[in-house]
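Peer 1: Once you've had a glance at the structure underneath, I'll fire off some questions.
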Amino acid sequence: MWIGHVSVSLASLSGVTSGGGSSLRAWQRRALTKYLTSKPRDFLAVATPGAGKTTFALRLAAELLADRTVDQITVVAPTEHLKHQWAAAAARSGIQLDSHFSNSTGATSGDYHGVVVTYAQVASHPFKHRVRTENRRTLVVLDEIHHAGDAKSWGEGVAEAFGDATRRLALTGTPFRSDDSPIPFVTYEPDESGFQRSRPDYSYGYSEALADNVVRPVVFLAYSGEAHWRDSAGEEFSARLGEPLSAEQTARAWRTALDPAGDWMSKVLTAADTRLRQLRATGLIDAGGLVIATDQEKARDYAELLEHISGSKPAVVLSDDPGSSNRISEFATSTEPWMVAVRMVSEGVDVPRLAVGVYATSASTPLYFAQAIGRFVRARRPGETASVFLPSVPVLLDLAAQLEVQRDHVLGKPHREKNAFEDELLTDANRQKDEPGEEERKFVALAADAELDQVIYDGDSFGTATFSGSDEEADYLGIPGLLDADQMRALLRDRQSRQVAERSTAAKVAELAGPGPSATAAAERVATADKLGELRRELNSLVAMHHHRTGKPHGVIHGELRRECGGPPTALATADQLTDRIAALRRM
């Protein structure tokens, strides 16, 4: 049949499938059915990263082209790389999109069903895109629609360009923002507190995708350690990651830990490489790793460290490098072990073989964290598990423990929660300048050691603090890569039980030997860690029993306990808080 100026095979359009070969997933079929039944002008689909939003959108586009509801398609994506990724996915589905369309040309070949542009392109010439949209019946697909609120010009540009579109499909994996910038074409409704909350037309969260085996579960390995730095007056400070600190101390300790010249980064990268080798040796032969860096200078330094550690030169992806898109594509189809990037690979980029991550950045908003972790959750086969290494700081532990929480965009909150306890301070502490500014002169990172603080999985916290390079750390790094959720939880419980038992035996031996001053301090730390480990183990066991009795996910049960008893996630809870939760769970 002919659609507009383009010959389109009905068979090819009706056969749009995931990856060009498999049938639609259950959530995609449900969402498509809802859309085709209601035929709305605007439709917001919220689906967790890795669930298959692109496949859903292309199938919907095929349906609308086939029944002549629309004549052309315009896809708007956040980055240049995603433009080409969209075009490649569409081509596999029988839909031809021009990802090289430019504002200066303003036209495309009649061989295409439409174009792919960026939000920045639209914002620079919204009227030009409006004319294209008005001239022919157009389906506009707004990928990662929350970006339309990133800048006033972007939101206004999108609203101006596509206000008269025949149909608009908005997609996002993270429909929340930390500001009050409304997202164009998104419906907001009053919530129970009277604030305007975004309302999706179809929602498919991480917990649902996990239950359907659509995405991988993620194991977070949180590393703490003692950090030392010097201020402009020459005074030296030290603080321990993972302990209660002021915002400024946390920012300084965090920055010191991420220093490429320090021991913390070297040891964490070594641990991550060990984990990647384990995965590749136990079934995931092409598993890849990604280090997400704060800035380009650190990305290059991390790459040099990794080359020394792994013996293989990592792919380095920098956002202002014109060859970055090709480098990502090459890495995605290769068997290279490591890639280091700044921001470019943090959202939407599809590299399904990524299974190990190192979160070596101070970015800490829920939006950024969710998108970054989304790079590791794309499932290829049953039992795959992703491993993400991160600093043991409260904001990241909280985000890791609440990975399954579904968030909406809320407008008008008078006391909006800080997404990173003090984002401004962290940004300031990590600012990069051509000339050293006042902040840089104030701060000198001296040293930081690394310890595996705990392992977080499905809201549960396992293990007790152990030094990098120890046999206890090796136990966790050696966990097989192909395990289902119950097997992973059972294995982590077993590892923790053995760790606590061995610590108890070692403590008795040390007591008989008679402690010195330093040994006494170390013993106190071990005793505290052991107590927390035992309480976490007991809490996790009770949560597992409650899960089997009620069917509720572990993360939901932990959330209910937090609401009833108060306090932070399990990973941050004190011994008293854990005891209260255990008591509350026994009463349920």
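Counting from 1, one number per residue, gives the positions in the sequence shown under the working numbering.
Ideal Cβ placement from N, Cα and C applies to all residues, glycine included.
For clarity, every value in this text was computed on a predicted model and none was experimentally measured.
In this structure, what does DSSP give as the bridge partners for residue 328?
Peer 2: In the sequence shown, the residue the question calls residue 328 occupies position 328. Note: residue 328 sits in no beta bridge, so no partner.
Peer 1: Quick one: what's got a C-beta closer than 6 Å to residue 27's C-beta in the same chain, skipping five residues either side?
Peer 2: The count along the sequence shown starts at 1 and reaches residue 27 at position 27. Once the five neighbours on either side are set aside, the close Cβ partners of residue 27 are 204.
Peer 1: In angstroms, rounded to a whole number, what distance separates the CA positions of residue 371 and residue 110?
Peer 2: The residue you call residue 371 lines up with position 371 of the sequence shown. The residue you call residue 110 lines up with position 110 of the sequence shown. Distance between the alpha carbons of residue 371 and residue 110 is about 35 Å.
Peer 1: Closer than 6 Å by C-beta to residue 605: which residues in its own chain qualify, once you throw out the five before and the five after it? Chain order, please.
Peer 2: It is not possible to answer for residue 605, since the shown part of the chain is limited to 1 through 588.
Peer 1: Taking only three categories from DSSP, how would you classify residue 454?
Peer 2: By 1-based counting over the sequence shown, the position of residue 454 is 454. It is a strand residue.
Peer 1: Enumerate in chain order the residues of its own chain whose CB-to-CB distance from residue 46 is below 6 Å, with the five nearest sequence positions on each side excluded.
Peer 2: On the sequence shown, residue 46 is found 46 positions in, with the first residue counted as 1. Counting only Cβ-Cβ distances below 6 Å, and skipping sequence neighbours, we find 172, 175, 200 and 203.
Peer 1: Leaving out five residues on either side along the sequence, give the residues of the same chain with a beta carbon under 8 Å from the beta carbon of residue 64.
Peer 2: Within the sequence shown, numbered from 1, the residue matching residue 64 stands at position 64. These residues qualify, in order along the chain: 70, 139 and 167.
Peer 1: With a threshold of 8 Å, are at least 3 pairs of Cβ atoms found where one atom belongs to the region 222–230 and the other to the region 253–263?
Peer 2: Because the criterion of three Cβ pairs below 8 Å is met, the region 222–230 and the region 253–263 touch.
Peer 1: Under 8 Å between the Cβ atoms of residue 222 and residue 287?
Peer 2: The residue labelled residue 222 in the question sits at position 222 within the sequence shown. The residue labelled residue 287 in the question sits at position 287 within the sequence shown. Contact: no.
Peer 1: Quick check: the region 276–290 against the region 470–485, are at least 3 beta-carbon pairs closer than 8 Å?
Peer 2: Touching, yes.
Peer 1: Could you compute how far the alpha carbon of residue 24 sits from the alpha carbon of residue 51?
Peer 2: Numbered from its first residue, the sequence shown carries residue 24 at position 24. Numbered from its first residue, the sequence shown carries residue 51 at position 51. Between residue 24 and residue 51, the C-alpha separation is close to 11 Å.
Peer 1: Which one of 96, 118, 89 and 303 has the shortest CA to CA distance from residue 103?
Peer 2: By one-based count along the sequence shown, residue 103 stands at place 103. The option with the nearest alpha carbon to residue 103 is 118.
Peer 1: By Cβ distance, which residues of its chain are closer than 7 Å to residue 538, with the 5 residues on each side in sequence left out?
Peer 2: Here residue 538 refers to the residue found at position 538 when the sequence shown is read from its first residue. Closer than 7 Å at the Cβ level, and outside the excluded window around residue 538, lie 582.
Peer 1: Distance, Cα to Cα, residue 9 vs residue 388?
Peer 2: Taking the sequence shown and counting its residues from 1, the one referred to as residue 9 is at position 9. Taking the sequence shown and counting its residues from 1, the one referred to as residue 388 is at position 388. With a pLDDT of 41 at residue 9, under the threshold of 50, the predicted position of this residue should be treated as unreliable, though the coordinate-derived value follows. Residue 9 and residue 388: Cα-Cα distance of roughly 43 Å.
Peer 1: Verify the contact flag: residue 373, CB atom, against every heavy atom of the ligand NAD, threshold strictly below 7 Å.
Peer 2: By its list of ligands, the structure shown contains no ligand whatsoever, and the ligand NAD lies outside what it can speak to.
Peer 1: Quick check: what's the CA-CA separation for residue 415 versus residue 566?
Peer 2: The count along the sequence shown starts at 1 and reaches residue 415 at position 415. The count along the sequence shown starts at 1 and reaches residue 566 at position 566. With a pLDDT of 45 at residue 415, under the threshold of 50, the modelled position of that residue is not reliable, and the figure given next carries that caveat. Each residue's alpha carbon lies about 19 Å from the other.
Peer 1: Tell me which residues share the same chain as residue 475 and place their Cβ nearer than 6 Å to its Cβ, disregarding the 5 neighbours each side in the sequence.
Peer 2: Stepping through the sequence shown from its first residue, residue 475 is reached at position 475. These residues qualify, in order along the chain: 495.
Peer 1: Quick check on the DSSP output: the alpha helix (DSSP H) that includes residue 131 runs from which residue to which?
Peer 2: Sequence index remark: in the sequence shown, residue 131 carries index 131 (1-based). Where residue 131 is concerned, the enclosing alpha helix (DSSP H) stretches over 126–135.
Peer 1: DSSP three-state label for residue 357, please.
Peer 2: Position 357 of the sequence shown, counting from 1, holds the residue named residue 357. Here residue 357 sits in strand by DSSP.
Peer 1: Among residues of its own chain, excluding the 5 on either side of residue 396, which ones have a beta-carbon nearer than 6 Å to its beta-carbon?
Peer 2: The residue you call residue 396 lines up with position 396 of the sequence shown. Here the set comprises 390.
Peer 1: Can residue 60 and residue 218 be called in contact, C-beta distance under 8 Å?
Peer 2: Here residue 60 refers to the residue found at position 60 when the sequence shown is read from its first residue. Here residue 218 refers to the residue found at position 218 when the sequence shown is read from its first residue. It is not a contact, given that the beta carbons lie outside the stated cut-off.
Peer 1: Can you name the start and end residues of the beta strand (DSSP E) that residue 141 belongs to?
Peer 2: For this step, residue 141 is matched to residue 141 along the sequence shown. First-last of the beta strand (DSSP E) with residue 141: 138–142.
Peer 1: Using only the alpha-carbon positions, how far apart do residue 264 and residue 450 sit?
Peer 2: Residue mapping note: residue 264 aligns to position 264 of the sequence shown, counting from 1. Residue mapping note: residue 450 aligns to position 450 of the sequence shown, counting from 1. In a straight line, the C-alpha of residue 264 is about 5 Å away from that of residue 450.
Peer 1: Which same chain residues, not among the five before or five after residue 275, have their C-beta less than 6 Å away from its C-beta?
Peer 2: Position 275 of the sequence shown, counted from the first residue, corresponds to residue 275. So the qualifying residues of the chain are 356, 387 and 477.
Peer 1: Grouping DSSP H, G and I as helix and E and B as strand, with all else coil, what is residue 288?
Peer 2: Numbered from its first residue, the sequence shown carries residue 288 at position 288. Note: residue 288 maps to strand in three-state DSSP.
Peer 1: So, helix, strand or coil for residue 49, using DSSP?
Peer 2: The residue you call residue 49 lines up with position 49 of the sequence shown. The answer is coil: DSSP assigns residue 49 none of H, G, I, E or B.
Peer 1: For residue 502, which option in 488, 489, 465 and 487 has the closest C-alpha, if you only look at C-alpha atoms?
Peer 2: The residue given as residue 502 occupies position 502 in the sequence shown. Comparing Cα positions, the closest option is 465.
Peer 1: What do you get for residue 459, buried or exposed, if any count of 16 or more other CB atoms within 10 angstroms of its CB means buried?
Peer 2: Taking the first residue of the sequence shown as position 1, residue 459 is located at position 459. Its Cβ being crowded by 16 or more others within 10 Å, residue 459 is buried.
Peer 1: Residue 226 by DSSP, collapsed to three states: which one?
Peer 2: Counted from its first residue, the sequence shown places residue 226 at position 226. Strand, per DSSP.
Peer 1: How far does the alpha helix (DSSP H) with residue 477 in it extend, from its first residue to its last?
Peer 2: Residue numbering aside, residue 477 sits at position 477 when the sequence shown is read from its first letter. Its alpha helix (DSSP H) spans residues 471–477.
Peer 1: Could you check how far apart the C-beta atoms of residue 237 and residue 42 are, in whole angstroms? I think they sit under 8 Å.
Peer 2: In the sequence shown, residue 237 corresponds to position 237, counting from 1. In the sequence shown, residue 42 corresponds to position 42, counting from 1. 53 Å between Cβ atoms; not a contact.
Peer 1: Jot down the residue ranges of each uninterrupted beta strand (DSSP E) in the region 192–252, minimum 3 residues, whole runs only, in chain order.
Peer 2: Runs of the beta strand (DSSP E) inside the region 192–252: 196–198, 202–204, 218–230 and 236–241.
Peer 1: What does the alpha-carbon distance come out to for the pair residue 134 and residue 35?
Peer 2: The residue labelled residue 134 in the question sits at position 134 within the sequence shown. The residue labelled residue 35 in the question sits at position 35 within the sequence shown. Distance between the alpha carbons of residue 134 and residue 35: 23 Å.
Peer 1: Between residue 445 and residue 213, which are expected to be in contact by the criterion C-beta below 8 Å, what is the C-beta distance as a whole number of angstroms?
Peer 2: Here residue 445 refers to the residue found at position 445 when the sequence shown is read from its first residue. Here residue 213 refers to the residue found at position 213 when the sequence shown is read from its first residue. Going by Cβ atoms, the distance from residue 445 to residue 213 rounds to 43 Å, so no, they are not a contact pair.
Peer 1: Just tell me which of 307, 486 and 196 has its CA closest to the CA of residue 548.
Peer 2: Numbered from 1 along the sequence shown, position 548 holds the residue referred to as residue 548. Looking at the Cα atoms, 486 is the closest of the given residues.
Peer 1: Please look up how many angstroms separate the CB atoms of residue 536 and residue 578, rounded, as I've assumed it's under 8 Å.
Peer 2: In the sequence shown, counting from the first residue as 1, residue 536 sits at position 536. In the sequence shown, counting from the first residue as 1, residue 578 sits at position 578. 7 Å between Cβ atoms; contact.
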